[in-house]
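Visitor: Quick one: structure below, then a few questions.
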Amino acid sequence: METKEEIIEVESVVVKFSGDSGDGMQLTGMQFTDTAAFLGKDLSTFPEYPAEIRAPVGTVSGVSGFQVQFGSKEIFTAGDQYDVLVAMNAAALKVDLKNLKKGGIIITNTSGFDQKNLRLAEYPEGENPLDDDSLDNYTVYKMNVSGLTKDALAGMGLSNKEIERSKNMFVLGLLYWIFDQSPDFTIKFINEKFTGESVIAQANINALKAGWNYGDNTEIFNTRFKITASNLTPGTYRSITGNSAAAIALIAASEKSGLPLFLGSYPITPASDILHELSKYKECGVRTFQAEDEIAAICSAIGASYGGALSATTTSGPGMSLKAEALGLGLMLELPLVVINIQRGGPSTGLPTKTEQSDLLQAMFGRHGESPLPVIAAESPSDCFSAVYEAARIALEHMTPVIVLSDGYIANGSEPWRFPSEEDLKPIEVKFETEPNSENGVFLPYKRDEKLVRPRVIPGTKGLEHRIGGLEKQHETGDISYEAKNHELMVKMRAAKIEKIADYIPLQIVDTGKEKAKLLVLGWGSTYGTLKTAIGELLEEGADIAHIHIKYLNPFPKNLGDLLKNYEKVLIPEINNGQLIKIIRDKFLIPAVGFNKIQGLPFTTSEIKSKILELLKN
Amino acid sequence: MIETNNIPVAEKLTSKNFAPDQDVKWCPGCGDYSILKQTQTIFPDLGVKKEDFVFISGIGCSSRFTYYMDTYGMHSIHGRATAIASGLKASRPELSVWVVTGDGDALSIGGNHFIHILRKNFDINILLFNNQIYGLTKGQYSPTSEIGKITKSTPFGSVEQPFNPAELALGARGTFVARTLDRDTKHMQGILKQAYYHKGTSFVEIYQNCPVFNDAAFFLFSDKETKKDNAVFVEHGKPLIFGANDDKGIMLDGYKPKVVKLNENGVSVNDLWIHDEKDRIKANMIAGFQDDPEEHLPRPFGVFYAVDHPTYEDNMKEQINRIMGKKGKPSLNKILSGTKTWEIDR
């Protein structure tokens, strides 16, 4: 067959799938992503969907999008602007056109641009972007996806509704052709998903193949992409989202510590997927408890921890506020507990499906009384595994609740993960006390070891019966004490115990760039990928900069203060109104400069680059 | 050798084994002393190893109970004892878990956890000390205080209607609902034992006198002169009889309970309401006796309702075992790798 299309070799490409909530864009995007990953590409994704389950069809508020950057080089972000935009209806084009590269490709479904759809998308009366010159700067491919899918599935005895549901597969098939990706992975997926529904499975496969053939046969497409060979670190990979990584980290910590896993949780966006995921692992003996509210969720976890389990609770900002009182109890009881906060836009219900880093100060200080707790932040989807695993290790070995901060961006985003094996994971040391720990056979529940950690005794241990509670404790005996000096001692003791954890965590490293430079970019959490990309690009251009990304936010690694002294300026970009910067200024007395974005969206690489360049100029 | 919960117990415990090493600090004359005493009295008979008892309490005078039992225990935060106990029981079903709470702790700040633990039916025993007042905060009205109650926070009288805890527990699908009172020690001991032996969430409301802020609230039901005419002690399979000379009974006239004189107008014991603790509708009627002021029905005590129903922890364990049996426990490496992997080689 004669092919006229031009094949463009690139290192990476950004594709945005955009359509109505009911168009199956998340599934389409995930399939495209999984295929790319399976074929050895590195990638990063950014799903975006409305807070409403079924926002009005065809409207701007109902647009659901899935962005993926994939390529042969290391990919750390989902990309600033897309090379290809798939717009299934007029509203999708309206919402997402602004981030399409000039000269980029638009693939549209013309049946989503009829009068009704144009009106719902609030285009002026009589205006259709597909018919006027407004898209002249782009390469636009117009096709009636609904009609083409209908033709492809004719005679299969399917209802119009069933046919309409398959149109995303047509688009996916076409995309596979454009990007020279095999559809086999998706065909396998369809067969597995629709076991026992062979007609539906066949319809989806037919639509997928029809899309591929449409690209191959029609000759209307004059561009195809070929991603150059990958240079990823050799190894075995899987695809992982942040929330799945968090879930299996808890299972891994349970296995490595030898303790049964208990999760007390209450559904909340964007954290619920951890509860869903763990609920599947009954065969591992995981006990998941969907509590009646956020408070019961953490309290049940405290109860299970008291009983000797590895205990966790998962939530997002508003739920975290509700858990604050019980966190105080957990801290006072000095029981291990992993608390995972998948941050979202706040305050209040805020932007439940959008990302934000605005709960750092809450994690650090958002409790009554003097109540320091360890705080660990995850920096990418796969890093949610190591953040949660470390939280579990610290909680169990240091007898304290530990807060993990993730956010909507990395919780729902996915990336290929060169997963560890069981043997690679740090051991977790757990000891249950079974004998009296002082003279005359007396047991002292608050007698501390060299880490300032008290012994863990679980109910059922003969001869060590004792009571614990939220009232202030006498040093060592744990008896109720209202004595003035003792309270001060205990407050300082609890703080020192948390500070001591710094002896048991890795030293801070400089992620990219030099040990000494004019400017340091200091980040935490999900901004990692964007900062790394931006700084990597500027370093190649010779900029005198470096990047440090803090994972252990409380306590900080012991050498952080010394590292910060090596830079003339420190820039702290955050997806909030300036939170880490307050802590850094307070702790190290340096004149750090903030850079803040509070739009429910991650930074783009170019935003970071221009801010750095601006600071380097002055 | 006594056997309960299939755990053989070799050593014989006495009530002294459960006495604490510290002073009990309730006000003199507080009804809590009696409840503590009865609990310590019956515990050695339950056949549970001392180290397997756990008390979880919230905040309030009643919740100090935990410190006064030499068992494992947690004095937690206001209203949350039931939630903490749920997690403990889910992960350690073999423990004998007891929640001690009060009318404010369980029904006001902890109302949500209270109704849900009953619905979920963990095998936990909840002792609610109802004194119809906030004691520890020094005398505000509680969710069980009567309309018009004068307290520090209601100097002109409460305008709220109170909860009837037994009704609430039945409405929340509790599987064991009982009431007893601090001054009837024998009755309380019996009820506490029945609560222990019931498999499922056992809810026991204990009328408890607060001599400081709400004295004599329940004396009508415990004083010698008034008790017999104002209280009826229900027992499964027995007729509802009360009165100074056991001369009164309760009959059902359609859906309406009526007080009748025995051996008058041809009424005999055979005509009386026979208590059936498995009957949910009648249990609700018993719980509601106090709502019919015209009929002057006596205040009921005893086990209103007790039915067998699978416990949460048994259901959870059964599900885990079934799925483990079917799928087999995967290795950690299998979980880490997931089902779809690919190789990048150079």
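Heads up: the protein sequence lines correspond to chains A and B, in order.
Residue numbering for the first sequence follows our numbering, beginning at 46 and increasing consecutively.
Residue numbering for the second sequence follows our numbering, beginning at 50 and increasing consecutively.
Cβ coordinates follow ideal geometry from the N, Cα and C atoms, glycine included.
For F266 (chain A) and T184 (chain A), I'd like the C-alpha separation in whole angstroms.
Guide: In the first sequence, the residue the question calls residue 266 (chain A) occupies position 221. In the first sequence, the residue the question calls residue 184 (chain A) occupies position 139. If I take the Cα positions, the gap works out to 10 Å.
Visitor: Please report the residue range of the beta strand (DSSP E) in which N13 (chain A) lies.
Guide: Past the edges of chain A, shown from 46 to 663, lies residue 13 (chain A), and the structure says nothing about it.
Visitor: I580 (chain A) and H592 (chain A) - do their beta-carbons sit closer together than 8 Å?
Guide: For the purposes of this step, residue 592 (chain A) is identified with residue 547 of the first sequence, where counting begins at 1. For the purposes of this step, residue 580 (chain A) is identified with residue 535 of the first sequence, where counting begins at 1. Contact flag set, yes.
Visitor: Tell me whether P647 (chain A) sits in a helix, a strand or coil according to DSSP, three-state version.
Guide: Here residue 647 (chain A) refers to the residue found at position 602 when the first sequence is read from its first residue. In the structure shown, P647 (chain A) sits in coil (DSSP, three-state: anything other than H, G, I, E or B).
Visitor: Given that T63 (chain B) touches chain A, what residues does it touch there, using C-beta distances under 7 Å?
Guide: Walking along the second sequence from the start, residue 63 (chain B) turns up at place 14. Within chain A, no residue comes near T63 (chain B); the closest Cβ sits about 15 Å away, beyond 7 Å.
Visitor: Just grab the DSSP bridge partners of F266 (chain A) for me.
Guide: Counting from one through the first sequence, the residue named residue 266 (chain A) turns up at place 221. In DSSP, F266 (chain A) forms no bridge with anything.
Visitor: May I ask you to check if the CB of D328 (chain B) is nearer than 7 Å to at least one heavy atom of the ligand SAH?
Guide: Among the components of this structure there are no ligands whatsoever, and the ligand SAH is therefore not found.
Visitor: Spatial neighbours of E544 (chain A) within its chain, please: CB distance less than 6 Å, with the 5 preceding and 5 following residues excluded, ordered by chain position.
Guide: Numbered from its first residue, the first sequence carries residue 544 (chain A) at position 499. Closer than 6 Å at the Cβ level, and outside the excluded window around E544 (chain A), lie P600.
Visitor: Answer with buried or exposed for I158 (chain B), where buried requires no fewer than 16 other C-beta atoms within 10 angstroms of its C-beta.
Guide: The count along the second sequence starts at 1 and reaches residue 158 (chain B) at position 109. Classification for I158 (chain B): buried.
Visitor: For S416 (chain A), which residues of its own chain have a beta-carbon under 7 Å away from its beta-carbon, when the five flanking residues on both sides are left out?
Guide: Reading the first sequence from its first residue, position 371 is the one you call residue 416 (chain A). Here the set comprises G373, L376.
Visitor: Where DSSP assigns a beta bridge to T360 (chain A), which residues make up the other side?
Guide: Sequence index remark: in the first sequence, residue 360 (chain A) carries index 315 (1-based). Beta-bridge pairing links T360 (chain A) to A:N386.
Visitor: Would you list the one or two residues that DSSP bridges to G69 (chain A)?
Guide: The residue labelled residue 69 (chain A) in the question sits at position 24 within the first sequence. G69 (chain A) pairs with nothing; no bridge assigned.
Visitor: For E274 (chain B), which option in B:L241, B:A293, B:D357 has the closest C-alpha, if you only look at C-alpha atoms?
Guide: In the second sequence, the residue the question calls residue 274 (chain B) occupies position 225. For E274 (chain B), the nearest C-alpha among the options comes from B:A293.
Visitor: Say whether chain A places a C-beta atom closer than 8 Å to the C-beta of R222 (chain B).
Guide: Counted from its first residue, the second sequence places residue 222 (chain B) at position 173. No, R222 (chain B) lies away from the interface with chain A (no Cβ there is under 8 Å from its Cβ).
Visitor: So with CB distances below 8 Å, who are the chain A contacts of V97 (chain B)?
Guide: The sequence position of residue 97 (chain B) within the second sequence is 48, counting from 1. What V97 (chain B) touches in chain A: nothing, since even the nearest Cβ is about 11 Å away.
Visitor: Kindly provide the ranges of any beta strand (DSSP E) runs that are 3 or more residues long and lie completely inside the segment 296 to 364 of chain B, ordered along the chain.
Guide: Listed in chain order, they are 297 to 302, 305 to 310, 348 to 355.
Visitor: Report yes if the C-beta distance between P397 (chain A) and G287 (chain A) is below 8 Å; otherwise report no.
Guide: Within the first sequence, residue 397 (chain A) is the residue found at index 352, counting from 1. Within the first sequence, residue 287 (chain A) is the residue found at index 242, counting from 1. No; because the gap between Cβ atoms is not below 8 Å, this pair is not in contact.
Visitor: Rounded to a whole number of angstroms, what is the C-alpha to C-alpha distance between K656 (chain A) and I620 (chain A)?
Guide: Reading the first sequence from its first residue, position 611 is the one you call residue 656 (chain A). Reading the first sequence from its first residue, position 575 is the one you call residue 620 (chain A). About 14 Å.
Visitor: What does the Cβ neighbour count give for V208 (chain B), buried or exposed, with the cut at 16 atoms within 10 Å?
Guide: Locating residue 208 (chain B) in the second sequence gives position 159, where the first residue counts as 1. It counts as exposed.
Visitor: If you draw a straight line from the alpha carbon of N333 (chain B) to that of G107 (chain A), how long is it in whole angstroms?
Guide: Position 284 of the second sequence, counting from 1, holds the residue named residue 333 (chain B). Position 62 of the first sequence, counting from 1, holds the residue named residue 107 (chain A). Going from the Cα of N333 (chain B) to the Cα of G107 (chain A) covers about 49 Å.
Visitor: If you follow the beta strand (DSSP E) that D469 (chain A) is part of, which residue opens it and which one closes it?
Guide: In the first sequence, the residue the question calls residue 469 (chain A) occupies position 424. Premise fails: D469 (chain A) is in no beta strand (DSSP E) and is neither H nor E.
Visitor: Can you list, in chain order, the residues of the segment 165 to 186 of chain B whose Cβ is nearer than 7 Å to any Cβ on chain A?
Guide: Those would be H165, in chain order.
Visitor: Does the CB of T229 (chain B) have a neighbour CB from chain A at under 8 Å?
Guide: Translated into the one-based positions of the second sequence, residue 229 (chain B) becomes position 180. Cβ-Cβ to chain A under 8 Å: no for T229 (chain B).
Visitor: Would you say H162 (chain B) lies against chain A (beta-carbon separation less than 8 Å)?
Guide: Within the second sequence, residue 162 (chain B) is the residue found at index 113, counting from 1. Yes, contact with chain A.
Visitor: Taking a contact to mean a Cβ-Cβ separation below 8 Å, would you say I448 (chain A) touches T268 (chain A) in this structure?
Guide: For the purposes of this step, residue 448 (chain A) is identified with residue 403 of the first sequence, where counting begins at 1. For the purposes of this step, residue 268 (chain A) is identified with residue 223 of the first sequence, where counting begins at 1. It is not a contact, given that the beta carbons lie outside the stated cut-off.
Visitor: If you reduce the DSSP assignment to three classes, tell me which class M46 (chain A) lands in.
Guide: Mapped onto the first sequence, residue 46 (chain A) falls at position 1. Because the pLDDT at M46 (chain A) is just 42, under 50, the model does not fix this residue reliably, and the value given afterwards should be weighed accordingly. DSSP places M46 (chain A) in coil when its eight states are reduced to three.
Visitor: If we call anything under 8 Å between Cβ atoms a contact, is Q257 (chain B) one with F205 (chain B)?
Guide: Within the second sequence, the letter at position 208 stands for residue 257 (chain B). Within the second sequence, the letter at position 156 stands for residue 205 (chain B). Cβ atoms of Q257 (chain B) and F205 (chain B): not closer than 8 Å.
Visitor: What three-state label does DSSP hand Q247 (chain A) in the structure shown?
Guide: For the purposes of this step, residue 247 (chain A) is taken as the residue at position 202 of the first sequence. Note: Q247 (chain A) maps to helix in three-state DSSP.
Visitor: Would you say A154 (chain B) faces chain A, with C-beta separation under 8 Å as the test?
Guide: As a position in the second sequence, residue 154 (chain B) is number 105, starting the count at 1. Position check: residue 154 (chain B) holds Asp in this sequence, whereas Ala was assumed. No, D154 (chain B) does not count as interfacial toward chain A.
Visitor: For L509 (chain A) and L144 (chain B), I'd like the C-alpha separation in whole angstroms.
Guide: Here residue 509 (chain A) refers to the residue found at position 464 when the first sequence is read from its first residue. Here residue 144 (chain B) refers to the residue found at position 95 when the second sequence is read from its first residue. Roughly 15 Å separates the two Cα atoms.
Visitor: Is there a Cβ of chain A sitting closer than 8 Å to that of D396 (chain B), yes or no?
Guide: Nothing can be reported for residue 396 (chain B), as the shown portion of chain B is limited to 50 through 395.
Visitor: What are the residues of the segment 132 to 157 of chain B that lie near chain A, defined by any Cβ-Cβ distance shorter than 8 Å?
Guide: Listed by position along the chain: A132, I133, A134, S135, G136, L137, K138, A139, S140, R141, E143, L144.
Visitor: Of all the residues that make up the segment 341 to 372 of chain B, which are near chain A by a beta-carbon distance shorter than 7 Å?
Guide: Per Cβ criterion, the list reads M365, Q368, I369, I372.
Visitor: For S66 (chain A), is the classification buried or exposed, using 16 other Cβ atoms within 10 angstroms of its Cβ as the cut-off for buried?
Guide: By one-based count along the first sequence, residue 66 (chain A) stands at place 21. The residue in question, S66 (chain A), is buried, as its Cβ has 16 or more Cβ neighbours within 10 Å.
Visitor: Would P93 (chain B) count as contacting chain A if we go by Cβ distances under 8 Å?
Guide: Start at 1 with the first residue of the second sequence, and residue 93 (chain B) comes out as number 44. Cβ-Cβ to chain A under 8 Å: no for P93 (chain B).
Visitor: Should D81 (chain B) be flagged as near chain A, meaning a C-beta pair shorter than 8 Å?
Guide: Residue 81 (chain B) sits at position 32 when you count from the first residue of the second sequence. Not an interface residue.
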